[in-house]
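Colleague: Respectively, the protein sequence lines represent chains H and V.
For the first sequence, the numbering used here gives the first residue as 3, with consecutive numbering after it.
For the second sequence, the numbering used here gives the first residue as 3, with consecutive numbering after it.
Even glycine gets a Cβ: it sits at the ideal position worked out from N, Cα and C.
Keep in mind the model is a prediction, meaning the values are calculated, not measured.
Pasting a structure here, questions to come.
There are 2 protein chains.
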Amino acid sequence: MTITTAEENYLKAIFKIAEKEGKAVLTNSIAGAMNTAAASVTDMLKRLSDKQLIKYEKYRGVALTEEGSRVATVLIRKHRLWEVFLVDKLGFAWDEVHDLAEQLEHVQGESLVDRLDTFLGHPRFDPHGDPIPDAEGRWVYRQQVRLSVLQPGQRGVVTGVDDHAAPFLQYLDQIGLGLGVELLLTARTAYDQSVQVLIGGRAEVTLSDKVAQNLFVKVS
Amino acid sequence: MTITTAEENYLKAIFKIAEKEGKAVLTNSIAGAMNTAAASVTDMLKRLSDKQLIKYEKYRGVALTEEGSRVATVLIRKHRLWEVFLVDKLGFAWDEVHDLAEQLEHVQGESLVDRLDTFLGHPRFDPHGDPIPDAEGRWVYRQQVRLSVLQPGQRGVVTGVDDHAAPFLQYLDQIGLGLGVELLLTARTAYDQSVQVLIGGRAEVTLSDKVAQNLFVKVS
DNA sequence: AAATATTTTTAGGTTAACCTAAAAATATTT
DNA sequence: AAATATTTTTAGGTTAACCTAAAAATATTT
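What follows is the structure, given as structure tokens:
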């Protein structure tokens with residue numbers, strides 16, 4: 003049974019929503035993530051259900067089956083490995099790779115993913131710090147927290163971003179923030195929760211709470 | 003104006019048929035190359051004509067416009083660069099890469115092709131010896147002839163294959179023939195035009211005329 | 001040149017993946 | 001719990017890319 007590109011994208015969206023929300027995934031959440039009309043989602047849910055990739059109860063939302071979950075995991079693995087390729091090998095910036103990886107993840111073929119994985123040296127994280135599941139679909143999670151939860155005086159290393167959009171990533175580049183950068187939270191303003199951060203022991207910047215919420219750090 | 007994957011594939015097929023046959027490309031030739039019904043081709047020709055990618059006269063066949071030719075050339079460039087990537091970087095054999103490249107060639111994005119080209123060291127030929135047009139769409143052709151035209155006593159180096167199908171390529175692997183291999187044609191049998199070939203100064207093999215016709219060599 | 005054969009197009013249909021508008025089901029407020 | 005609001009589904013439609021069968025155009029044979 004063949005799985006189309008559109009079907010794969012729905013499975014990936016459902017996987018990510020389920021991961022974030024923890025409960026049954028509703029039609030409207032999917033429609034929001036996929037930028038499609040709710041009616042189109044219902045349409046697709048029927049097809050995915052027929053193919054046993056999801057468990058679907060009308061008006062009740064959906065959950066991925068084992069097989070659906072496997073497909074989504076492989077897709078995310080492919081997406082993230084291609085992102086590593088684009089950044090590490092082709093020299094793209096981390097804000098330029100999403101759309102390309104979105105296409106590359108759908109390329110199908112025998113040993114492609116695993117060869118790519120080997121070629122890249124089995125990276126465990128992609129250029130945004132997201133974990134890359136291994137060939138058996140196992141995930142490695144890190145102990146990381148949002149910068150917004152650090153207390154003044156605490157140090158950390160940037161390990162990831164929650165917002166993957168180009169404007170946010172470009173802003174981070176501009177102020178010298180990226181994966182692996184060490185920082186020290188020096189103060190927090192009570193009024194708006196904005197934080198003062200010393201970057202790499204040099205520049206001191208003010209980050210809004212929104213920015214702090216979208217940055218993952220490993221406390222050190 | 004967006005060009006779909008299916009449209010790109012038709013343009014590529016038309017480009018290749020025109021290159022080989024030299025005249026107006028007929029509906030049935032395209033149908034043969036694309037493995038589709040003639041009626042489907044007519045359908046597509048109308049669309050391509052509307053988009054000014056081909057010049058189409060009913061019952062008379064088609065020719066690519068400048069723009070159509072440009073699209074086809076870029077597509078072939080992408081296909082062949084990805085083939086180089088798959089063989090040189092990921093370690094695929096030359097008989098395994100066609101279907102993957104067929105998918106990868108459709109990945110769209112700003113500087114992807116040119117970055118890939120740079121990463122690969124601006125290769126001029128793909129793993130089958132086919133020329134890779136440069137970023138401006140310029141082609142480099144080699145002085146090469148089919149092995150079938152060599153005279154006994156002539157030496158040559160394998161520069162390409164005409165048949166790209168896996169069975170042929172695997173047969174070549176088996177007898178020790180591949181790009182860059184030096185050979186000496188020692189004799190030809192008048193009855194069936196089969197040839198005796200000394201490979202790399204070592205093994206002597208008999209090749210059918212069909213095989214000799216599908217091998218390109220540079221006479222040395 | 002008329003008859004026949006071949007090629008191409010037209011007519012009409014299908015499927016996946018989308019859509020809007022209306023109907024139905026579920027959830028929330030009063 | 002009834003009324004209202006929200007969410008989801010159903011009904012019916014569109015488009016690209018395919019299809020088969022019949023009709024039309026072109027090419028070939030006699």
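Determine whether the Cβ of H:L102 lies closer than 7 Å to any Cβ atom of chain V.
Modeller: Yes, contact with chain V.
Colleague: Does any residue of chain H have a CB that is nearer than 7 Å to the CB of V:K57?
Modeller: Cβ-Cβ to chain H under 7 Å: no for V:K57.
Colleague: Are the beta-carbon atoms of V:P2 and V:R79 separated by less than 7 Å?
Modeller: Since the first residue shown for chain V is 3 and the last is 222, residue 2 of chain V is missing from the structure and cannot be characterised.
Colleague: Hey, would you say the C-beta of V:Q172 is under 6 Å away from at least one heavy atom of the ligand MG?
Modeller: Because no ligand of any kind appears in the structure shown, any question about the ligand MG cannot be addressed here.
Colleague: To the nearest angstrom, report how far apart V:S71 and H:R204 are at their CA atoms.
Modeller: Approximately 54 Å between the Cα atoms of the pair.
Colleague: Starting from V:F218, trace the beta strand (DSSP E) in both directions and tell me its first and last residue.
Modeller: Run containing V:F218: L217 to V221, per the beta strand (DSSP E) assignment.
Colleague: Would you check if the region 173–192 of chain V and the region 139–156 of chain V touch, i.e. whether three or more CB-CB distances between them fall below 8 Å?
Modeller: Because the criterion of three Cβ pairs below 8 Å is met, the region 139–156 of chain V and the region 173–192 of chain V touch.
Colleague: Going along the chain, which residues of its own chain have a beta-carbon closer than 8 Å to the beta-carbon of V:E23, five neighbours each way excluded?
Modeller: Cβ neighbours of V:E23 beyond the five flanking positions: S31.
Colleague: Under 7 Å between C-beta atoms, does H:L171 make it to chain V?
Modeller: False, the Cβ-Cβ gap to chain V never drops below 7 Å.
Colleague: For the region 121–141 of chain V and the region 156–172 of chain V, state whether three or more C-beta atom pairs, one from each stretch, are separated by less than 8 Å.
Modeller: Touching, per the Cβ criterion.
Colleague: According to DSSP, H:G203 sits in a beta bridge with which residue or residues?
Modeller: Answer is none; H:G203 lacks a bridge partner.
Colleague: Note down, in chain order, every chain V residue with its Cβ under 8 Å from the Cβ of H:R117.
Modeller: Residues of chain V passing the Cβ test: L92, G93 and F94.
Colleague: Leaving out five residues on either side along the sequence, give the residues of the same chain with a beta carbon under 8 Å from the beta carbon of H:I56.
Modeller: Correct list, in chain order: L13, I16, L47, L50, V64, A65, L66, T67 and G70.
Colleague: Would you mind stating whether V:L77 and V:E21 have Cβ atoms separated by less than 7 Å?
Modeller: No, the pair does not count as a contact, with Cβ atoms beyond the cut-off.
Colleague: Starting from V:A74, trace the alpha helix (DSSP H) in both directions and tell me its first and last residue.
Modeller: First-last of the alpha helix (DSSP H) with V:A74: E68 to V86.
Colleague: Tell me the rounded alpha-carbon separation between V:F127 and V:S222.
Modeller: Between V:F127 and V:S222, the C-alpha separation is close to 19 Å.
Colleague: Can you pull the chain V residues whose beta carbon is under 7 Å from the beta carbon of H:V109, in chain order?
Modeller: Correct list: L102, Q105 and L106.
Colleague: Short of 7 Å in beta carbon distance, which residues of its chain neighbour V:A26, apart from the five on each side in sequence? Order them along the chain.
Modeller: R62, G63, V64 and A65, listed in sequence order.
Colleague: For a cutoff of 7 Å on Cβ pairs, would you count H:F218 as touching chain V?
Modeller: Taking Cβ atoms only, chain V never reaches closer than 7 Å to H:F218, which makes this a no.
Colleague: Tell me which same chain residues have a C-beta within less than 6 Å of the C-beta of H:L149, skipping the five on either side of it?
Modeller: Result list for H:L149: A214, L217 and V219, in chain order.
Colleague: Chain V partners of H:L114, CB-CB under 7 Å?
Modeller: What H:L114 touches in chain V: L102.
Colleague: Going along chain V, which residues have a C-beta under 7 Å from H:F121?
Modeller: Near H:F121 (Cβ distances below 7 Å), the residues of chain V are K91 and L92.
Colleague: Closest to V:T120 by C-alpha separation, out of V:A137, V:H108 and V:E104, would be which residue?
Modeller: Ranking the options by Cα distance to V:T120, first place goes to V:A137.
Colleague: Using a Cβ-Cβ cut-off of 6 Å (strictly less than) and excluding sequence neighbours within five positions of H:A103, which residues of its own chain qualify?
Modeller: H81, W84 and E85.
Colleague: From what residue to what residue does the beta strand (DSSP E) around H:G123 run?
Modeller: Segment: none, H:G123 is in no beta strand (DSSP E) and carries neither H nor E.
Colleague: Enumerate in chain order the residues of its own chain whose CB-to-CB distance from H:D194 is below 8 Å, with the five nearest sequence positions on each side excluded.
Modeller: Closer than 8 Å at Cβ, skipping near neighbours: S210 and D211.
Colleague: If V:V159 sits next to V:V183, beta carbons under 8 Å apart, how far is it from one beta carbon to the other, in whole angstroms?
Modeller: Indeed they touch by this definition, with Cβ atoms about 7 Å apart.
Colleague: Who are the near neighbours of H:A35 in its chain, counting only those whose CB is closer than 8 Å to its CB and skipping five residues on each side?
Modeller: So the qualifying residues of the chain are A15, K18 and I19.
Colleague: Identify, in the order they occur along the chain, each residue of the same chain with its Cβ nearer than 6 Å to the Cβ of H:V199, setting aside the five sequence neighbours on each side.
Modeller: Cβ neighbours of H:V199 beyond the five flanking positions: L185, L187, V207 and L209.
Colleague: If we ignore side chains and look at the alpha-carbon of each, how far apart do H:Q172 and H:W96 end up?
Modeller: Near 9 Å, if we compare the C-alpha coordinates of H:W96 and H:Q172.
Colleague: Do H:G178 and H:I201 come within 7 Å of each other at the CB atom, strictly closer than that value?
Modeller: Yes. Within cutoff.
Colleague: At which residues does the beta strand (DSSP E) containing V:A189 begin and terminate?
Modeller: Taken as a continuous stretch (DSSP letters only), the beta strand (DSSP E) holding V:A189 covers E184 to R190.
Colleague: Name the DSSP beta bridge partners of V:Y58, please?
Modeller: Beta-bridge pairing links V:Y58 to V:V64.
Colleague: Taking all protein chains shown into account, do 16 or more other C-beta atoms lie within 10 angstroms of the C-beta of V:E107, making it buried, or fewer, making it exposed?
Modeller: Flag for V:E107 reads buried.
Colleague: Would you identify the three-state DSSP class for H:G158, choosing helix, strand or coil?
Modeller: Three-state result, H:G158: strand.
Colleague: V:L122: which of H:V197, H:R144 and H:L92 sits nearest, CA to CA?
Modeller: For V:L122, the nearest C-alpha among the options comes from H:L92.
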